[in-house]
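Undergrad: Take a look at this one; I'll ask things after.
Protein chains: 2
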Amino acid sequence: MERRKRVIEPLDVNCRTRRGLELLSDKWTLLVLISVREEALQFSQILAHLEGISKKMLTQTLRGLERNGLVNRVVYPVIPPMVEYSLTPLGQTLIEPLWALRDWSEQHIDEVERARDAYDQRDHTHLQDQIALLVQQRVEEASAHD
Amino acid sequence: MERRKRVIEPLDVNCRTRRGLELLSDKWTLLVLISVREEALQFSQILAHLEGISKKMLTQTLRGLERNGLVNRVVYPVIPPMVEYSLTPLGQTLIEPLWALRDWSEQHIDEVERARDAYDQRDHTHLQDQIALLVQQRVEEASAHD
DNA sequence: CGGGATCCAACATGATACTG
DNA sequence: CAGTATCATGTTGGATCCCG
């Protein structure tokens, strides 16, 4: 019988998983989606809600979401302008998995940060040094047997 | 009774949701986690599996995941070096929500891309032009009533 | 094989000023 | 108010060469 590695389906550049995850793999998209999740919001409301984002990046991120059919943009014919953003039905299908990620953050971020602190306090020798050390230990063990 | 907007809890820079989501908001982290999901893999296996990633970015992403306690790194004392990566128990808690995102991609990415194509075929006037147009339409409707 | 070090191009992002 | 335009900067990412 042929003995071979379990086949892991490769994440080709054009597979659906990658095309989908790449939509979300930038700095603000996940956060903007979570902000808009439950009701129509005006541009300035999102801007205030999402501390730290600039107008430029919010505009850009919302445009991307609109383009991808995840967010509706409604312009009201008033001066000064008023624009409302809300999730499309397609966008709403993303909320549940996104919310699961939010829950994960709430539950586990502390443990992550403890791990990070611990990591930063340890020394981190380079790979070749680790190998050299490990190999030397084996040599010493071997000579101890003589 | 006071009539006011529903309060949406702000996504402060330091709230747990943001600290958590920011771990994942970069180009490769989600994909690397999904790659490592079910068994220990060597560096070169992940590299082959994740089409398009460079050694540098894979190293960097894996270091970040190790630092955050999501991935184990095991160095074997052999030459040439062999290094295996696997999920920690903490990292495994992320797989379920991540997989939900993967499922969403598989189910909805086509609809997203159809929306994108449609968007790109429409014209997109600037906001001020839209407002001017809409306001003018209202004026015309009003004069039609005279 | 699994990196590290360096250099460089590309892009993402921020700051500021302007507009109807 | 909700952008747009421009400029400046920071960060990312790839290419290359190195090493044990």
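Listed in order, the protein sequences are those of chains A and B. If you read the first sequence in full-length UniProt numbering, its first letter stands for residue 1, the second for the next number, and so on. If you read the second sequence in full-length UniProt numbering, its first letter stands for residue 1, the second for the next number, and so on. The C-beta atom is built at its ideal place from N, Cα and C for all residues, glycine as well.
Determine the extent of the alpha helix (DSSP H) in which R102 (chain B) is found, giving its start and end residues.
TA: For R102 (chain B), the enclosing alpha helix (DSSP H) begins and ends at 89-121.
Undergrad: Hey, how far is the Cα of R3 (chain B) from the Cα of D26 (chain A)?
TA: Bear in mind that the predicted position of R3 (chain B) carries a pLDDT of just 37, short of 50, making it unreliable; the figure below should be weighed with that in mind. So the two alpha carbons sit approximately 37 Å from each other.
Undergrad: Between the alpha carbons of H108 (chain A) and Y119 (chain B), how many angstroms are there, rounded?
TA: If you take the alpha carbons of H108 (chain A) and Y119 (chain B), they lie about 38 Å apart.
Undergrad: Can you find a CB in chain A that lies within less than 7 Å of the CB of L21 (chain B)?
TA: At least one chain A Cβ lies under 7 Å of L21 (chain B).
Undergrad: Note the first and the last residue of the continuous alpha helix (DSSP H) segment covering R67 (chain B).
TA: In the DSSP assignment, R67 (chain B) falls within the unbroken alpha helix (DSSP H) covering 55-67.
Undergrad: For the beta strand (DSSP E) containing V71 (chain A), name the first residue and the last one.
TA: 71-76
Undergrad: On the DSSP letters alone, give me the boundaries of the alpha helix (DSSP H) that residue 156 (chain B) sits inside.
TA: With chain B represented from 1 up to 146, any question about residue 156 (chain B) goes unanswered, as that position is not in the structure.
Undergrad: Which residues in the same chain as F43 (chain B) place their Cβ atom closer than 6 Å to its Cβ, once the five residues preceding and following it in sequence are excluded?
TA: V83
Undergrad: Taking the straight line between their C-alpha atoms, what separation do you get for V74 (chain A) and R19 (chain A)?
TA: 27 Å
Undergrad: May I ask which residues mark the beginning and end of the alpha helix (DSSP H) holding G20 (chain B)?
TA: 16-24
Undergrad: Can you tell me whether DSSP reads L47 (chain B) as helix, strand or coil?
TA: helix
Undergrad: Among all the DSSP beta bridges, which residues are the ones paired with V41 (chain B)?
TA: Before going further, note that residue 41 (chain B) is Leu rather than Val in the sequence given. Answer by DSSP bridge pairing, in chain order: B:Y85.
Undergrad: Under 7 Å, do P77 (chain A) and V139 (chain B) count as touching if we go by C-beta distance?
TA: no
Undergrad: Straight-line CA distance for N68 (chain B) to L87 (chain A)?
TA: 32 Å
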